[in-house]
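Step one of this worksheet: look at the structure below.
Number of protein chains: 2
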Amino acid sequence: MAWTDPDCPVARATDVVGDRWSLLIVRDAMDGARSFTDFQQRTGIARNILTDRLRKLAAHGLIAQVDAPYGKRRVYELTEAGKDLFPVIVTLRQWGERHAYSEGEPHSVLVDDHGEIVPPVVPLATDGRPLTSTTTTVHRGT
Amino acid sequence: MAWTDPDCPVARATDVVGDRWSLLIVRDAMDGARSFTDFQQRTGIARNILTDRLRKLAAHGLIAQVDAPYGKRRVYELTEAGKDLFPVIVTLRQWGERHAYSEGEPHSVLVDDHGEIVPPVVPLATDGRPLTSTTTTVHRGT
DNA sequence: CAGAATGGTTTCAATAAGCAACTCAATGAG
DNA sequence: CTCATTGAGTTGCTTATTGAAACCATTCTG
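Protein chains in written order, with the working numbering: chain A, 16 to 157; chain B, 16 to 157.
Structure (structure tokens):
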């Protein structure tokens with residue numbers, strides 16, 4: 016794979032999931048989609064593109080086809096790397112709720128297992144201060 | 016604009032920034048890019064596509080061209096909606112750092128204004144519990 | 001003012017995406 | 001066991017998006 020910008024983790028991430036469909040596939044996987052047709056019907060993506068994206072996501076280690084118990088078809092499952100996109104999906108969802116709906120337009124909200132609305136996800140410093148783009152910098156090197 | 020899936024905030028968000036370049040443009044804007052050529056040189060994007068993306072981001076209210084002090088060219092600036100993508104960029108960056116570099120491959124890290132590494136951003140419940148895709152659900156309606 | 005740099009636009013070829021129809025293996029119903 | 005159904009792709013064709021390079025109009029710089 017030729018990275019757009021090998022030195023930037025954001026660019027590497029968008030190389031993997033920065034297209035019209037990949038994140039929606041991951042979203043649906045988190046929401047219980049397992050089979051090719053699940054994904055196809057939920058997203059409405061063209062089937063040849065879905066084939067391509069599932070392969071690409073598998074190649075990058077975000078999903079894997081696991082053998083199902085006998086008599087059942089094998090299904091797609093998120094790997095740890097795939098599940099680890101959860102914070103990305105949540106922040107995107109919350110951004111969408113705040114900025115992609117017009118004033119007063121109803122939209123869904125994310126709730127936890129106690130029925131409470133999930134508060135806005137914000138980057139925090141080790142001491143708990145909320146951080147912004149002006150209070151963070153990239154250190155290259157590690 | 017015809018949304019891919021009007022009912023899903025994630026889909027609306029990817030409709031706005033779910034392409035190869037938009038998030039990198041926003042990343043660079045957060046990192047100080049102001050002019051057309053700034054963006055072009057930092058991302059390496061084709062200029063006609065950059066024109067298109069800047070317009071699209073402006074149309075969606077993520078950036079705006081603001082008049083600069085007299086004798087200076089006008090520059091692009093992030094709006095509040097654009098700045099509000101910060102948590103998305105950070106979670107994407109952290110995901111990239113964890114999963115888009117091979118074992119032992121050096122990569123940059125994000126540090127705060129005290130020089131401390133920014134801890135992984137995770138969705139938290141109101142009571143502070145970390146949340147995952149299995150402990151959250153979407154409630155539609157509000 | 002002349003030349004360079006900036007901020008685009010236009011054109012055109014290459015690539016990717018979408019759509020419909022087709023295949024082919026694995027279930028499932030009778 | 002046989003035939004219909006469903007799942008998981010392929011293939012071929014059409015449209016949309018991207019990219020490279022050339023072109024043009026402002027805006028600076030000296």
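Note that CB positions come from ideal geometry on N, CA and C, so glycine has one too.
It should be emphasised that the depicted structure is a prediction, and the values quoted were computed from it without experimental measurement.
N- and C-terminal bounds of the alpha helix (DSSP H) containing residue i
i                    : result
residue 26 (chain B) : 24–32
residue 52 (chain B) : 51–58
residue 67 (chain A) : 62–74
Opposing strand residues paired with residue i [DSSP bridges]
i                     : result
residue 40 (chain B)  : Note: residue 40 (chain B) sits in no beta bridge, so no partner.
residue 145 (chain B) : B:139
residue 152 (chain A) : B:126
residue 104 (chain A) : DSSP lists no partner for residue 104 (chain A).
Segment limits, beta strand (DSSP E) that includes residue i
i                    : result
residue 81 (chain B) : 78–81
residue 92 (chain B) : 90–93
Nearest to residue i (by Cα), restricted to the options the options
i                     : options                   : result
residue 78 (chain A)  : A:65, A:96, A:87, A:66    : A:96
residue 75 (chain B)  : B:28, B:36, B:105         : B:28
residue 90 (chain B)  : B:73, B:99, B:101         : B:73
residue 51 (chain A)  : A:45, A:38, A:129, A:69   : A:69
residue 153 (chain B) : A:152, A:54, A:129, A:20  : A:129
residue 124 (chain A) : A:118, A:21, A:109        : A:109
residue 63 (chain B)  : B:36, B:134, B:141        : B:36
residue 145 (chain B) : A:45, A:146, A:127, A:61  : A:127
residue 19 (chain A)  : B:131, B:20, B:39         : B:39
residue 88 (chain B)  : B:155, B:143, B:131, B:49 : B:49
residue 119 (chain A) : B:118, B:65, B:156        : B:156
residue 92 (chain B)  : B:54, B:67, B:106, B:105  : B:54
residue 149 (chain A) : B:65, B:98, B:149         : B:98
Inter-residue Cα distance where the pair is residue i and residue j
i                     : j                     : result
residue 111 (chain A) : residue 25 (chain A)  : 19 Å
residue 103 (chain B) : residue 82 (chain A)  : 34 Å
residue 34 (chain A)  : residue 41 (chain B)  : 16 Å
residue 23 (chain A)  : residue 47 (chain A)  : 32 Å
residue 139 (chain A) : residue 136 (chain B) : 7 Å
residue 71 (chain A)  : residue 84 (chain B)  : 47 Å
residue 134 (chain A) : residue 16 (chain A)  : 37 Å
residue 113 (chain B) : residue 151 (chain A) : 19 Å
residue 147 (chain A) : residue 94 (chain A)  : 30 Å
residue 44 (chain B)  : residue 100 (chain B) : 11 Å
residue 59 (chain B)  : residue 131 (chain A) : 43 Å
residue 121 (chain A) : residue 31 (chain B)  : 19 Å
residue 105 (chain B) : residue 61 (chain A)  : 31 Å
residue 115 (chain B) : residue 107 (chain B) : 11 Å
residue 65 (chain A)  : residue 21 (chain B)  : 20 Å
residue 141 (chain B) : residue 143 (chain A) : 15 Å
residue 67 (chain B)  : residue 117 (chain B) : 34 Å
residue 57 (chain A)  : residue 80 (chain B)  : 37 Å
Residue i CB to nearest heavy atom of the ligand NAD below 8 Å
i                    : result
residue 48 (chain A) : This structure lacks the ligand NAD, and indeed carries no ligand of any kind.
| field | Residues, ordered as in the chain, of the region 139–157 of chain B that lie near chain A by beta-carbon distance below 9 Å | value | 139, 140, 141, 142, 144, 146, 147, 148, 149, 150, 151, 152, 153, 154, 155, 156, 157
| task | Report the residues of the region 101–118 of chain A with a CB closer than 8 Å to any CB of chain B, ordered along the chain. | result | 101, 102, 103, 104, 105, 106, 107, 108, 109, 110, 111, 112, 113, 114, 115, 116
| field | Within 9 Å of chain A by C-beta, residues of the region 78–96 of chain B in sequence order | value | 93, 95, 96
| If contact means a Cβ-Cβ distance below 9 Å, which residues of the region 65–77 of chain A contact chain B? | 75, 76, 77
| query | Going along the region 38–61 of chain B in order, which residues come within less than 7 Å of chain A, judged by CB to CB distance? | reply | 38, 39, 42, 45
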